[in-house]
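Residue numbers (numbering that gives the first Met the number 0), protein chains in the order written: chain A, 0 to 450; chain B, 0 to 450. Report on the structure given below.
Number of protein chains: 2
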Amino acid sequence: MPVTDWTDADLAAAAALRDRALKGTSAYEHVSSLVTEVGPRLAGSAGDEAAVRWAMNRLGKLGFTGVRTQDVLVPRWIRGTTEVTLLGPAPQPLVAATLGGSIGTAEEGIEAGVIEFDSLASLSTGQASDIKNKIVFINERMERTRDGEGYGKVVKNRVQGASVAANLGAVAVVIRSVGTSDERFAHTGRMVYDVSAPRIPAFSLSNPDADVLSRQLKTNKQTRLRVKSSAREMPSTWSANVIGEIPGTDRAGEIVLLGAHLDSWDLGQGALDDGAGVAIVVEAARLISRMDRKPSRTVRVVLFANEEFGLSGAKEYARLIGEEHAKHVLAMEADTGIGPVIRLETQVAPESLGAIEKMRKAMEPLVIDSGVNTASGGADLGPLRALGVPVLDPVLDATLYFDVHHTMNDTLAKVDAKTLDQTVAAYAVAAYLAATKQGDFGRLSPVPFDR
Amino acid sequence: MPVTDWTDADLAAAAALRDRALKGTSAYEHVSSLVTEVGPRLAGSAGDEAAVRWAMNRLGKLGFTGVRTQDVLVPRWIRGTTEVTLLGPAPQPLVAATLGGSIGTAEEGIEAGVIEFDSLASLSTGQASDIKNKIVFINERMERTRDGEGYGKVVKNRVQGASVAANLGAVAVVIRSVGTSDERFAHTGRMVYDVSAPRIPAFSLSNPDADVLSRQLKTNKQTRLRVKSSAREMPSTWSANVIGEIPGTDRAGEIVLLGAHLDSWDLGQGALDDGAGVAIVVEAARLISRMDRKPSRTVRVVLFANEEFGLSGAKEYARLIGEEHAKHVLAMEADTGIGPVIRLETQVAPESLGAIEKMRKAMEPLVIDSGVNTASGGADLGPLRALGVPVLDPVLDATLYFDVHHTMNDTLAKVDAKTLDQTVAAYAVAAYLAATKQGDFGRLSPVPFDR
Numbered sequence: 000m001p002v003t004d005w006t007d008a009d010l011a012a013a014a015a016l017r018d019r020a021l022k023g024t025s026a027y028e029h030v031s032s033l034v035t036e037v038g039p040r041l042a043g044s045a046g047d048e049a050a051v052r053w054a055m056n057r058l059g060k061l062g063f064t065g066v067r068t069q070d071v072l073v074p075r076w077i078r079g080t081t082e083v084t085l086l087g088p089a090p091q092p093l094v095a096a097t098l099g100g101s102i103g104t105a106e107e108g109i110e111a112g113v114i115e116f117d118s119l120a121s122l123s124t125g126q127a128s129d130i131k132n133k134i135v136f137i138n139e140r141m142e143r144t145r146d147g148e149g150y151g152k153v154v155k156n157r158v159q160g161a162s163v164a165a166n167l168g169a170v171a172v173v174i175r176s177v178g179t180s181d182e183r184f185a186h187t188g189r190m191v192y193d194v195s196a197p198r199i200p201a202f203s204l205s206n207p208d209a210d211v212l213s214r215q216l217k218t219n220k221q222t223r224l225r226v227k228s229s230a231r232e233m234p235s236t237w238s239a240n241v242i243g244e245i246p247g248t249d250r251a252g253e254i255v256l257l258g259a260h261l262d263s264w265d266l267g268q269g270a271l272d273d274g275a276g277v278a279i280v281v282e283a284a285r286l287i288s289r290m291d292r293k294p295s296r297t298v299r300v301v302l303f304a305n306e307e308f309g310l311s312g313a314k315e316y317a318r319l320i321g322e323e324h325a326k327h328v329l330a331m332e333a334d335t336g337i338g339p340v341i342r343l344e345t346q347v348a349p350e351s352l353g354a355i356e357k358m359r360k361a362m363e364p365l366v367i368d369s370g371v372n373t374a375s376g377g378a379d380l381g382p383l384r385a386l387g388v389p390v391l392d393p394v395l396d397a398t399l400y401f402d403v404h405h406t407m408n409d410t411l412a413k414v415d416a417k418t419l420d421q422t423v424a425a426y427a428v429a430a431y432l433a434a435t436k437q438g439d440f441g442r443l444s445p446v447p448f449d450r
Numbered sequence: 000m001p002v003t004d005w006t007d008a009d010l011a012a013a014a015a016l017r018d019r020a021l022k023g024t025s026a027y028e029h030v031s032s033l034v035t036e037v038g039p040r041l042a043g044s045a046g047d048e049a050a051v052r053w054a055m056n057r058l059g060k061l062g063f064t065g066v067r068t069q070d071v072l073v074p075r076w077i078r079g080t081t082e083v084t085l086l087g088p089a090p091q092p093l094v095a096a097t098l099g100g101s102i103g104t105a106e107e108g109i110e111a112g113v114i115e116f117d118s119l120a121s122l123s124t125g126q127a128s129d130i131k132n133k134i135v136f137i138n139e140r141m142e143r144t145r146d147g148e149g150y151g152k153v154v155k156n157r158v159q160g161a162s163v164a165a166n167l168g169a170v171a172v173v174i175r176s177v178g179t180s181d182e183r184f185a186h187t188g189r190m191v192y193d194v195s196a197p198r199i200p201a202f203s204l205s206n207p208d209a210d211v212l213s214r215q216l217k218t219n220k221q222t223r224l225r226v227k228s229s230a231r232e233m234p235s236t237w238s239a240n241v242i243g244e245i246p247g248t249d250r251a252g253e254i255v256l257l258g259a260h261l262d263s264w265d266l267g268q269g270a271l272d273d274g275a276g277v278a279i280v281v282e283a284a285r286l287i288s289r290m291d292r293k294p295s296r297t298v299r300v301v302l303f304a305n306e307e308f309g310l311s312g313a314k315e316y317a318r319l320i321g322e323e324h325a326k327h328v329l330a331m332e333a334d335t336g337i338g339p340v341i342r343l344e345t346q347v348a349p350e351s352l353g354a355i356e357k358m359r360k361a362m363e364p365l366v367i368d369s370g371v372n373t374a375s376g377g378a379d380l381g382p383l384r385a386l387g388v389p390v391l392d393p394v395l396d397a398t399l400y401f402d403v404h405h406t407m408n409d410t411l412a413k414v415d416a417k418t419l420d421q422t423v424a425a426y427a428v429a430a431y432l433a434a435t436k437q438g439d440f441g442r443l444s445p446v447p448f449d450r
């Protein structure tokens, strides 16, 4: 009788693995250790270096094999100090963050009138005569959704706002934070300058501070802001991807990849972004290593350098593996917080969808919906997917994620151990089944990777 | 037939006043205006000056009579910059606040080992040999309660911690924030130096940052901190109490006092502390001024200067009124956020408790419990109570208040307009009934005021 996908013994082992994870894992302890012993770890910083050492030590101690690094060139942006002040009879300091990659200002800062727009689209159609020499304020609120879809709709304000405003003569741009919380934290994140536009400094305001500015503008069109930043770009420097493996048995040359990123923004502790992801993939692989029934394929954990500032770790990984990409049977990433997993999306060969459905059934007590087969798989998997590697994309509940994402408030206090265990269970089952499956998940059509 | 306390017409007017308030008031708009047009207003700062002007303009515009100021001398403490860094392989910045009144450090800061205590009591019994040249960390968590009782239990860490630690040879003190939130905000507030103790700088850490430090100390007793502050004391300066009245009819010389404080801490917007209180008492009085049936006694709103830094506004008010204190029939303060009112406490002559119960019945749809007759009435009423003025103390629901109190996160986003209306309704009914009551609420035994 031909075996399709998995034997009953494979599926029973996966179920036992799942139940083992639900009894309690060490995932919380991994995050706690990372944020306590290292803390913030912006690409290229001392914290980033410490994180690489932390990861090698941890993977080594947990019994991973082939623990190694890949050197990765990363940008080195320094935030310096940020001051945004609402001028008036009593100048009022606003809680703000300089956006990642922004230039700084001269020491005395920039003082100017403010013009408000409700979106990047309305800014784009603004009049240069109204905008010239002003500070542009893009005041668009991110919507809270379960799968974080609201983020994609407004993050372009952060990425493109400065250059769109600069092309219309603005001297600086200030955006409402791309985040859902009404706590007073400003949301940072990467912005990008168009080569054709003048470079102007870019800031975000916390939601309550965007409210203050907007209310001021309603009663006083002459409202002025002063913005100051000592942000600067240093020469690029070196960081590293950290890799460790749970070796396969009869098909050890084939790889199931579990990815997360080791770097974080500098403002918070990087507990959710992406300490949680690191913990999920490390712990899922560790639990697999403890099984009696070993996986046929190798489970490779890759902790990518520099996701936040241009994905250079992910690009370098895809470059360095060369033709080995063809041996990557499936790739999964964890980079949207602690979970739980609510849906299983994929981008695999259509003939593998039956296997994906069996995989989902193996997770059944976790209550995970089926999803589309057009998933991206996550930022760090982009270069691999472009090479044709199929991806499994567990969608994590992100209802609260964007309350703290990219803010000072991304701390261990937001990590719930039980939820993390549920997510580990789903990742472990998926990785184990991918590593034991008869046959693969097909290949995707290669496309150029242009991010 | 003799009238006891109130006529039916008085009670009917009070009920109509209550229902009018519950339909919606301008209280939210008062807070919004104060935090938008003024913002933070630490005693003696430019914001404090702007707040005095704001209050005079607002009371004038709302039709209060006798709008005036009383000059008040206030301390002028400058926070400057604060840096607390957890030293280690990758130094980790901790979210901290310099405590109000603390001295600063030399420019290079203070770097030392850390010794942790779970309370001020255990610090007090610590060994000088263990503590000498260390930074003392008092790690006691405030308990969340409905009436804010948890605050009183731990606030002594903030007030007395520095001098207790200094007497044992510590070089600085760092306390867990006196607040209930796990968001990453440090709680400021006043600390006081004993004259007999060396002066050392004092800081608070946000709860998540206190967690990081405590976890570090568990695995590494050699953990070191660097603390830096440019805090300094300037010469005392002038601020002002702002007073406005709704004049009484036949007993206009007798006064029902409604108090709140105009100053705030510098870190937040002072929306809850005490913008909400200002709005509650101003709006309660304004609604009374709009009634057809005028109160017999004068309702006097006093917006006190400098509650936060030593109560000099309250003390000066009590001094300046001289013998007029005997004409103060009842005093009420609002200084614990937006409400709702959950209980009616008092300190009045026992024979007036029947009238207080009738007052509570007049608020009935608001669901307010009766309370003790040993209430303090609030910080700004201390000097008046010491002179014998009876107080009514509406206890506000403070379950969430200490999440934001004295932090950067005290913003308008935390003000719910409907809740504020309910609180205004209770204050308006109480003030109106006090101002129409036949007979008074007795007098308290005068005591020395020593805060």
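By construction, the Cβ of each residue, glycine as well, lies at the ideal position given by its N, Cα and C atoms.
Could you list which residues in chain A have their beta carbon closer than 9 Å to that of Ala-45 of chain B, in chain order? Pro-88, Ala-89, Pro-90
Can you confirm whether Gly-38 of chain B, when its beta carbon is compared against all beta carbons of chain A, has any partner nearer than 8 Å? yes
Do we get a CB-CB distance below 8 Å when we pair Thr-418 of chain A with the residues of chain B? no
How should Thr-187 of chain A be labelled, buried or exposed, when 16 other C-beta atoms within 10 angstroms of its C-beta is the threshold for buried? buried
Is there a Cβ of chain B sitting closer than 8 Å to that of Val-34 of chain A, yes or no? yes
Quick check on DSSP: helix, strand or coil for His-324 of chain B? helix
For the alpha helix (DSSP H) containing Met-358 of chain A, name the first residue and the last one. 352-361
CB contact below 8 Å: Thr-410 of chain A versus chain B: yes
Provide the residue span of the beta strand (DSSP E) that contains Gly-252 of chain A, from first to last. 250-260
Quick check: what's the CA-CA separation for Glu-332 of chain B versus Arg-250 of chain B? 22 Å
Which first and last residues belong to the alpha helix (DSSP H) in which Gly-381 of chain B is found? 381-385
Tell whether a beta-carbon distance below 8 Å holds between Val-34 of chain A and Ala-270 of chain A. yes
Who does Thr-81 of chain B pair with in a DSSP beta bridge? B:Ser-228
Distance between beta carbons of Val-301 of chain B and Leu-256 of chain B, contact taken as under 8 Å: 6 Å
Distance, Gly-309 of chain A Cα to Ala-275 of chain A Cα: 20 Å
Under 8 Å by Cβ, that's how I've got Ala-26 of chain B and Ala-361 of chain B pegged, so tell me the actual separation to the nearest angstrom. Incorrect: roughly 20 Å between the Cβ atoms, too far for contact.
Looking at the unbroken beta strand (DSSP E) that takes in Asp-392 of chain A, where does it start and where does it end? 390-395
Is the Cβ-Cβ distance between Glu-307 of chain A and Ala-42 of chain A less than 8 Å? yes
Residues of chain A with CB closer than 8 Å to the CB of Met-190 of chain B, please, in chain order. None at all; the shortest Cβ gap to chain A is about 23 Å.
Do the segment 433-448 of chain A and the segment 380-396 of chain B touch if we need at least three Cβ pairs shorter than 8 Å? no
Three-state secondary structure assigned by DSSP to Glu-244 of chain A: strand
In the DSSP assignment, what are the bridge partners of Met-233 of chain A? A:Arg-75
Neighbour list for Ala-49 of chain B in chain A, Cβ cutoff strictly below 7 Å: Pro-88, Ala-89
I need the straight-line Cα distance from Met-141 of chain A to Val-277 of chain B, nearest angstrom please. 32 Å
Roughly how many angstroms separate the alpha carbons of Val-154 of chain B and Gly-178 of chain B, rounded to a whole number? 9 Å
For the putative contact between Pro-207 of chain A and Val-226 of chain A, defined by C-beta atoms under 8 Å, what is the C-beta separation to the nearest angstrom? Not confirmed; about 18 Å, so no contact.
Measuring only between beta-carbons, confirm whether Met-407 of chain A sits less than 8 Å from chain B. yes
Examine chain A for any beta-carbon lying closer than 8 Å to the beta-carbon of Glu-182 of chain B, and answer yes or no. yes
Gly-309 of chain B in three-state terms, based on DSSP: coil
Please go through the same chain and pick out, in chain order, the residues whose beta-carbon is closer than 8 Å to the beta-carbon of Thr-3 of chain A, but skip the five residues on each side of it. Gln-437
Interface residues of chain B facing Val-211 of chain A [CB-CB closer than 9 Å]: Val-34, Thr-35, Gly-38, Gln-268, Thr-410, Leu-411
Nearest candidate by alpha-carbon position, reference Ala-517 of chain B, set B:Asp-70, B:Ala-433, B:Thr-236: This structure gives no information on residue 517 of chain B, because the portion of chain B shown stretches from 0 to 450.
From the DSSP output, read off the bridge partner residues of Met-331 of chain B. B:Leu-257, B:Leu-391
Looking at the secondary structure, which residues open and close the alpha helix (DSSP H) in which Gln-159 of chain A lies? 148-166
Who are Phe-202 of chain A's beta bridge partners in DSSP? A:Thr-97, A:Val-173
Stretch pair the segment 222-237 of chain A + the segment 183-198 of chain A: three plus CB contacts closer than 8 Å: no
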